[in-house]
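*Asks:*
There are 2 protein chains.
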Amino acid sequence: MTYCVGLLVKEGLVMMADTRTNAGIDNISTYRKLRVFGEDGKRIVSIASAGSLSTTQALINRLKEGVVMPGKEEPEYVETAPTMFRVAQIVGEAMVGAKKDIEALVQEQEGVEIGVTLLVGGSIDGRAPRLFLIYGEGNFIECGMDTPYFQIGELKYGKPVLDRMLTYRTPLTKAMKIGLVSMNSTMRSNLGVGLPIDMLVVKPGQSTAALTRIEESDPYYHDLGDRWAKALMEALENIPDPTYPLPGA
Amino acid sequence: MTYCVGLLVKEGLVMMADTRTNAGIDNISTYRKLRVFGEDGKRIVSIASAGSLSTTQALINRLKEGVVMPGKEEPEYVETAPTMFRVAQIVGEAMVGAKKDIEALVQEQEGVEIGVTLLVGGSIDGRAPRLFLIYGEGNFIECGMDTPYFQIGELKYGKPVLDRMLTYRTPLTKAMKIGLVSMNSTMRSNLGVGLPIDMLVVKPGQSTAALTRIEESDPYYHDLGDRWAKALMEALENIPDPTYPLPGA
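Note that the protein sequences, when read in sequence, are chains W and F. Under this note's numbering, the final residue of the first sequence carries the number 249; numbering is consecutive throughout. Under this note's numbering, the final residue of the second sequence carries the number 1249; numbering is consecutive throughout.
#1: Between V87 (chain W) and chain F, is the shortest Cβ-Cβ distance under 8 Å, so that the two count as touching?
#2: Output the distance between the C-alpha atoms of V193 (chain W) and G1041 (chain F), rounded to the nearest integer angstrom.
#3: With a Cβ-Cβ cutoff of 8 Å, do M1069 (chain F) and I1090 (chain F) count as a contact?
#4: Quick one: which residues of the region 175-189 of chain W get their C-beta closer than 8 Å to a C-beta of chain F? List them in chain order.
#5: Given 7 Å as the limit, tell me if L236 (chain W) has its C-beta closer than that to any heavy atom belonging to the ligand ATP.
#6: Going along the region 60-94 of chain W in order, which residues come within less than 9 Å of chain F, judged by CB to CB distance?
#7: Three or more C-beta pairs closer than 8 Å, one from the region 1217-1227 of chain F and one from the region 201-219 of chain W: is that the case here?
#8: Could you give the first and the last residue of the continuous beta strand (DSSP E) run that contains Y3 (chain W)?
#9: Which residue marks the beginning of the beta strand (DSSP E) containing I1114 (chain F), and which one marks its end?
#10: Can the beta-carbon of T1030 (chain F) be found closer than 8 Å to that of L1053 (chain F)?
#11: In the DSSP assignment, the alpha helix (DSSP H) including E1237 (chain F) goes from what residue to what residue?
#12: State buried or exposed for K1064 (chain F), treating a residue as buried only when at least 16 other CB atoms are found within 10 Å of its CB.
#13: What is the rounded straight-line gap between the Cα of R43 (chain W) and the Cα of K1099 (chain F)?
#14: Would R130 (chain W) pass as a contact of M84 (chain W) if the rule is Cβ separation under 8 Å?
#15: Mind listing the chain F neighbours of M233 (chain W)? Cutoff is C-beta to C-beta under 9 Å, in chain order.
#16: Is the region 156-164 of chain W in contact with the region 112-125 of chain W, if contact means three or more CB pairs nearer than 8 Å?
#17: What residue range is occupied by the uninterrupted beta strand (DSSP E) comprising R1020 (chain F)?
#18: Please confirm whether M176 (chain W) and L1236 (chain F) have their CB atoms less than 8 Å apart.
#19: Roughly how many whole angstroms lie between the Cα atoms of V201 (chain W) and L211 (chain W)?
#20: Which two residues bound the contiguous alpha helix (DSSP H) that contains G97 (chain W)?
#21: Which residues in chain W sit within 7 Å of L1131 (chain F), going by Cβ to Cβ distance?
#22: Mapping the DSSP letters down to three states, classify S1207 (chain F) as helix, strand or coil.
#23: Do G1051 (chain F) and E1093 (chain F) count as a contact pair if the criterion is CB distance below 8 Å?
#24: Find the residues of chain C that neighbour I134 (chain W), judging by a C-beta separation of less than 8 Å, and give them in chain order.
#25: Taking the beta carbon of Q109 (chain W) as the centre, do at least 16 other beta carbons fall within 10 Å, making it buried, or is it exposed?
#26: Ordered along the chain, which non-local residues of its own chain (more than five positions away) have a Cβ less than 7 Å from that of T1186 (chain F)?
#27: Going by beta carbon distance, what residues of the same chain come within less than 7 Å of P171 (chain W), once the five residues before and after it are set aside?
#28: Quick one: what's A1017 (chain F) bridged to in DSSP?
#29: Smallest Cα separation from G1097 (chain F): which of F:L1246, F:G1111, F:G1115, F:T1243?
#30: Enumerated in chain order, which unbroken segments of the alpha helix (DSSP H) with a length of 4 residues or greater are wholly contained in the region 141-200 of chain W?
#31: Verify whether the separation of the beta carbon atoms of G66 (chain W) and E76 (chain W) is less than 8 Å.
#32: When the cut-off is 8 Å and only beta carbons count, does I239 (chain W) lie next to chain F?
#33: Taking Y244 (chain W) as the query, report the chain F residues whose CB atoms sit under 8 Å from its CB, ordered along the chain.
#34: Please list the partners that A229 (chain W) has in chain F, where partner means a Cβ-to-Cβ separation under 7 Å.
#35: Pull up the CB-CB distance for G1248 (chain F) and T208 (chain W), whole angstroms please, since I reckon it's below 8 Å.
#36: Rounded to whole angstroms, what is the Cα-Cα separation between L8 (chain W) and M183 (chain W)?
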């Protein structure tokens, strides 16, 4: 299981991914799902993945070796693509190739899940950050102002807080808080999603990344979870009791 | 899509179900998913269903005609079963039969979803209410004090608020509020779940039901949704800004 979320607001891009990988609940380990490519100040491209770890690794390997796009002869690289849109195309093409590799390997064996979904976000040459969701078939969509976030993996638990609170005008630090609450709600309800959280922040005009790993012992994250839980209880208390009929009343 | 939740606390049982049925997003209608059997003061049995409407109707029909249990000859009825446990067994047996009926009809046609999950709750002869979750295979589990709720259908959106707030000691009216917030969060994030909500409340010692339909125009439900949304925004404001590194800082 996995939960990754990307928030694209006016003030910047926030990407978060948990790090729990499990093959059955008795085989749990920590694995980085948020990878960062590029060079600070020039290019930041981050890829978060949900789904088959083996397909993901095959895909990342293809990106490193270079991807020959349809109708082209020379390989192209995430590290040198001119735009984030071209990066998304390259990653999509790598997805198609990686899936074919893995399908050829596992063939008709049943019950082997090889699907992967990706978030690809970043900024090149100081341009405004962009965020894409790459489907398992290699096609993709771009995040826009109306719904300024994308989620992959175990997304439903943490969706209501995003839908209720996040807009394109939300300040960057507030967007970070909303993302962390969404993570916290997911981890509270699904053991397959767990700490540490990897978080990347990119601001417009810089193409520079701030990358943080939020560990089990992180005091801010714990305080955020405690305060949120307490505030929800208070919010509930402050809602008047329902006046719907009770039995025997 | 569907979302049904049953909350079993010390002071009683609350069952809620939305009423939206859809076969594709261009074919949406309202359909009662919370059915009530019995006679006020003597027996209240409520069945909420998520999944195939045709399997559900075949199952309900079997319950009305009576279910011959394995090794028995006479049909048994939800309306006369001696205990809620026996009710769950009868419903489970009806599930197996209904599924076979439908399977025989649709046979090998692909993409026909015939699965159903049920919540069965109620009280007989004034005894404490009990709540069961019946799987698509007819087997079932009973709700206990450690996790005093069951959900079926689109359950993930509304699970965090239950996990954070509900305990067996939660007062009945508060449990109703928590259930309604869980419904509200689900409807906010998933168009397949919609008003009206059917709500049933049963208190121990009575075997009497209070049944409410919460319509689109219901002022309390709207107020609850507004207050909850406002309180979440305030809760977020009251959490200090994160001190994690920002790019270029």
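Glycine included, every Cβ here is placed at the ideal spot set by N, Cα and C.
*Replies:* Per the coordinate set shown:
#1: In the first sequence, counting from the first residue as 1, residue 87 (chain W) sits at position 87. Chain F contact via Cβ: absent.
#2: Along the first sequence, one-based indexing puts residue 193 (chain W) at 193. Along the second sequence, one-based indexing puts residue 1041 (chain F) at 41. Approximately 46 Å between the Cα atoms of the pair.
#3: Numbered from 1 along the second sequence, position 69 holds the residue referred to as residue 1069 (chain F). Numbered from 1 along the second sequence, position 90 holds the residue referred to as residue 1090 (chain F). Their beta carbons are under 8 Å apart, which means M1069 (chain F) touches I1090 (chain F) by this criterion.
#4: M176, K177, I178, L180, V181, S185, T186, R188, S189
#5: Within the structure as shown, the ligand ATP is missing, as the structure has no ligands at all.
#6: none
#7: no
#8: Locating residue 3 (chain W) in the first sequence gives position 3, where the first residue counts as 1. Per DSSP, Y3 (chain W) belongs to the beta strand (DSSP E) from 3-9.
#9: In the second sequence, counting from the first residue as 1, residue 1114 (chain F) sits at position 114. No beta strand (DSSP E) contains I1114 (chain F), which DSSP labels as neither H nor E.
#10: Numbered from 1 along the second sequence, position 30 holds the residue referred to as residue 1030 (chain F). Numbered from 1 along the second sequence, position 53 holds the residue referred to as residue 1053 (chain F). No.
#11: Working through the second sequence from its first residue, we reach residue 1237 (chain F) at position 237. 1219-1238 is the span of the alpha helix (DSSP H), which, as asked, contains E1237 (chain F).
#12: Taking the second sequence and counting its residues from 1, the one referred to as residue 1064 (chain F) is at position 64. With fewer than 16 other Cβ atoms within 10 Å, it is exposed.
#13: Here the question's residue 43 (chain W) lines up with position 43 in the first sequence. Here the question's residue 1099 (chain F) lines up with position 99 in the second sequence. Going from the Cα of R43 (chain W) to the Cα of K1099 (chain F) covers about 56 Å.
#14: Along the first sequence, read from residue 1 onward, the residue named residue 130 (chain W) stands at position 130. Along the first sequence, read from residue 1 onward, the residue named residue 84 (chain W) stands at position 84. Yes, the pair counts as a contact, with Cβ atoms nearer than the cut-off.
#15: Translated into positions along the first sequence, residue 233 (chain W) becomes position 233. Near M233 (chain W) (Cβ distances below 9 Å), the residues of chain F are R1164, M1165.
#16: no
#17: Here residue 1020 (chain F) is taken as the residue at index 20 of the second sequence, counted from 1. Start and end: 1020-1022.
#18: Counted from its first residue, the first sequence places residue 176 (chain W) at position 176. Counted from its first residue, the second sequence places residue 1236 (chain F) at position 236. Against a cut-off of 8 Å, the Cβ pair of L1236 (chain F) and M176 (chain W) comes out as no contact.
#19: Sequence index remark: in the first sequence, residue 201 (chain W) carries index 201 (1-based). Sequence index remark: in the first sequence, residue 211 (chain W) carries index 211 (1-based). When rounded, the distance between both Cα atoms is 7 Å.
#20: Along the first sequence, one-based indexing puts residue 97 (chain W) at 97. 84-106 is the span of the alpha helix (DSSP H), which, as asked, contains G97 (chain W).
#21: On the second sequence, position 131 is the one that residue 1131 (chain F) refers to. Residues of chain W passing the Cβ test: none, with the nearest at roughly 16 Å.
#22: Taking the second sequence and counting its residues from 1, one reaches residue 1207 (chain F) at position 207. In this structure, S1207 (chain F) counts as coil in the three-state DSSP scheme.
#23: Along the second sequence, one-based indexing puts residue 1093 (chain F) at 93. Along the second sequence, one-based indexing puts residue 1051 (chain F) at 51. Result no, Cβ atoms of E1093 (chain F) and G1051 (chain F) do not sit closer than 8 Å.
#24: The structure shown has no chain C; the protein chains it does contain are W and F.
#25: Position 109 of the first sequence holds residue 109 (chain W). With fewer than 16 other Cβ atoms within 10 Å, it is exposed.
#26: Start at 1 with the first residue of the second sequence, and residue 1186 (chain F) comes out as number 186. Y1003, E1154, Y1157, G1158, V1193.
#27: By one-based count along the first sequence, residue 171 (chain W) stands at place 171. For P171 (chain W), where only same-chain residues beyond five positions count, the Cβ hits under 7 Å are E11.
#28: Taking the first residue of the second sequence as position 1, residue 1017 (chain F) is located at position 17. DSSP output for A1017 (chain F) lists F:C1004, F:D1198 as bridge partner(s).
#29: The residue given as residue 1097 (chain F) occupies position 97 in the second sequence. Of the candidates F:L1246, F:G1111, F:G1115, F:T1243, the one whose C-alpha sits nearest the C-alpha of G1097 (chain F) is F:G1115.
#30: 159-165, 172-189
#31: The count along the first sequence starts at 1 and reaches residue 66 (chain W) at position 66. The count along the first sequence starts at 1 and reaches residue 76 (chain W) at position 76. Going by C-beta atoms, G66 (chain W) is nearer than 8 Å to E76 (chain W).
#32: For the purposes of this step, residue 239 (chain W) is taken as residue 239 along the first sequence, with counting starting at 1. Interface residue, yes.
#33: Residue mapping note: residue 244 (chain W) aligns to position 244 of the first sequence, counting from 1. Those are M1176, M1199, V1201, A1210, T1212, I1214, Y1220, listed as they occur along chain F.
#34: Looking up residue 229 (chain W) in the first sequence gives position 229. Those within 7 Å of A229 (chain W) in chain F are R1164.
#35: Stepping through the second sequence from its first residue, residue 1248 (chain F) is reached at position 248. Stepping through the first sequence from its first residue, residue 208 (chain W) is reached at position 208. The Cβ separation is near 5 Å, so the contact holds.
#36: Counting from 1 along the first sequence, the entry for residue 8 (chain W) is found at position 8. Counting from 1 along the first sequence, the entry for residue 183 (chain W) is found at position 183. Roughly 16 Å between the two C-alpha positions.
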